[in-house]
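Notes to accompany the following structure.
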Amino acid sequence: MTDLVQNETRDGIAILTLNRPERLNALNYALIERLLALLDDIEVDDGVRAVILTGAGERAFSAGGDIHEFSASVALGVDVAMRDFVMRGQRLTARLEAFRKPVIAAVNGLAFGGGCEITEAVPLAIASERALFAKPEINLAMPPTFGGTQRLPRLAGRKRALELLLTGDWFPPQRALELGLVNQVVPHDDLMPAAIGLARRILRHSDLAVASILTAVARGLNLSIAEGLLVEAEQFARMAPTVDLREGLDAWIGRREPRYDGSWTHIARPDEARRASLALDQGATTKRPFMLGWKRQK
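This is the structure we're talking about:
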């Protein structure tokens, strides 16, 4: 049986490919469950540090929910349709939005309906110049159900989102870039190299810091600024006693590249960490102040 989601790992990056090209990678129930299961496995796999999500074939990232399957659920009543379609789809987009490892959508073609909602939910997205986006649910006499009425207005603004939601009109990748749905638009042949390159730029840094930033943004985005600042402070407090933060500080003071541990190991003796930091500072060969982001000259 063909795997509905192909899974390949390259240098710590899991490439997940929606694999129903004959159906434009439509999101049937089995595919969604398979993708959720893979995300569960990846979350606890220390060998995987980032995820790229794309679609099989040359035509589509995902054309959205499987309408034939959804129609059968609707025929069985609202409770079945809510359970099988709405809740399942919302569980997927919420999982992608709150995932503690970076997820990058590599949008290689059509991203309609649920495919567009996945793009809205993931932290980062790169689109091929061949990509095409749409919110076509209104053509079926229904609203989006995987989070599109909530995330798109937050990304694009209320009026711009409503124009897309109420007309069902498709829009090109440059428009998606303007609306904040994607980070970049690249030539089609450069899509996967660009996604892998973005992942590698992130993976230079501490996995713990990456996870903390993702969590702070996902949790704080829809809170008041005061509540969001508490989330930010909470994430810092979790990082403060870790070996990774100590290593990041010591590497910066010592003008060397950091070597992160990547685990939630805490420094056993904070007083020893303070003495080590002071020793590095006193042993510096220059008193020149350094700016955050300084890198050693090769």
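First residue of the sequence shown? That's 2 in this note's numbering, and the numbers climb one at a time after it.
Quick reminder that beta carbons are idealized off the backbone N, C-alpha and C, glycines included.
> Three or more beta-carbon pairs under 8 Å between the segment 160-177 and the segment 130-144, yes or no?
Replying inline: yes
>> Comparing C-alpha positions only, which one of Ile53, Phe62, Gly66, Arg220 sits nearest to Glu31?
In response: According to the sequence provided, residue 31 is Ala. The question's Glu does not apply to it. Among Ile53, Phe62, Gly66, Arg220, the Cα nearest to that of Ala31 is on Gly66.
>> Determine whether the beta carbon atoms of Ala1 and Leu111 lie at a separation below 7 Å.
In response: The structure shown does not extend to residue 1, since the chain spans only 2 to 299, so no value can be given for it.
> Would you call the CB atoms of Ala142 and Val123 closer than 7 Å?
Replying inline: no
>> Please return the same chain residues whose Cβ sits closer than 8 Å to the Cβ of Leu163, not counting the five positions on each side in sequence.
In response: Pro154
> CA-CA distance, Ile127 and Ile197?
Replying inline: 10 Å
>> Buried or exposed for Lys102, going by 16 or more other Cβ atoms inside 10 Å?
In response: buried
>> Can you list, in chain order, the residues of its chain with a C-beta nearer than 8 Å to that of Leu37? Leave out the 5 residues immediately preceding and following it.
In response: Arg92, Leu93, Arg96
>> Within 10 Å of its beta-carbon, does Arg205 have 16 or more other beta-carbons around it, so buried, or fewer, so exposed?
In response: exposed
>> Just to confirm, is the Cβ distance from Asn20 to Leu5 under 7 Å?
In response: yes
> Is it right to say Ala285 is buried, meaning 16 or more other beta carbons lie within 10 angstroms of its own, or is it exposed?
Replying inline: Low confidence applies to Ala285: its pLDDT is 47, below 50, so where it sits in the model is not reliable, and the reading given next is rough at best. Exposed is the call here.
> What residue from Leu209, Ala219, His69, Gly229 has the CA that sits closest to His267's CA?
Replying inline: Leu209
> Whose CA, out of Asn109, Gln151, Thr55, Met240, lies closest to the CA of Glu9?
Replying inline: Thr55
>> With a threshold of 8 Å, are at least 3 pairs of Cβ atoms found where one atom belongs to the segment 230-244 and the other to the segment 253-260?
In response: no
>> Which complete alpha helix (DSSP H) runs does the segment 156-211 hold, if anything under 4 residues is left out?
In response: 159-168, 174-180, 192-204
> Which residues in the same chain have their Cβ closer than 6 Å to the Cβ of Ala15, if we skip the five residues on either side of it in sequence?
Replying inline: Ile43, Val49, Val52
>> Going by DSSP in three states, Ser28 sits in which element: helix, strand or coil?
In response: The residue asked about is misnamed: residue 28 is Leu in this sequence, not Ser. Strand.
>> Using a 10 Å radius around the Cβ and a threshold of 16 neighbouring Cβ atoms, would you call Glu118 buried or exposed?
In response: buried
>> At a threshold of 6 Å, does Gly110 count as lining the ligand COA (C-beta to nearest heavy atom)?
In response: The ligand content of the structure shown is nil, which means the ligand COA is not present either.
> Shortest alpha-carbon distance to Leu166 belongs to which of Gly149, Leu180, Glu179?
Replying inline: Gly149
> Should Val81 and Ser74 be called a contact, given that it needs their Cβ atoms to be closer than 7 Å?
Replying inline: yes
> How close, in whole Å, do the beta carbons of Leu180 and Ala157 come, if the pair is a contact with beta carbons under 8 Å?
Replying inline: 4 Å
> In the DSSP assignment, what residue or residues form a beta bridge with Arg11?
Replying inline: Ile14
>> Please tell me whether Pro137 and Gly116 are closer than 7 Å, where the distance is taken between their beta carbons.
In response: no
>> I need the straight-line Cα distance from Val211 to Ile203, nearest angstrom please.
In response: 8 Å
> From which residue to which residue does the beta strand (DSSP E) around Val123 run?
Replying inline: No beta strand (DSSP E) holds Val123; DSSP gives it neither H nor E.
> Ile226: buried (16+ other C-beta within 10 angstroms of its C-beta) or exposed?
Replying inline: exposed
>> Measuring only the C-alpha atoms, how far is Asn184 from Leu125?
In response: 7 Å
> Can you tell which of Asn223, Leu182, Val87, Arg161 has the C-alpha that lies nearest to the C-alpha of Pro144?
Replying inline: Val87
>> Taking the beta carbon of Ala234 as the centre, do at least 16 other beta carbons fall within 10 Å, making it buried, or is it exposed?
In response: exposed
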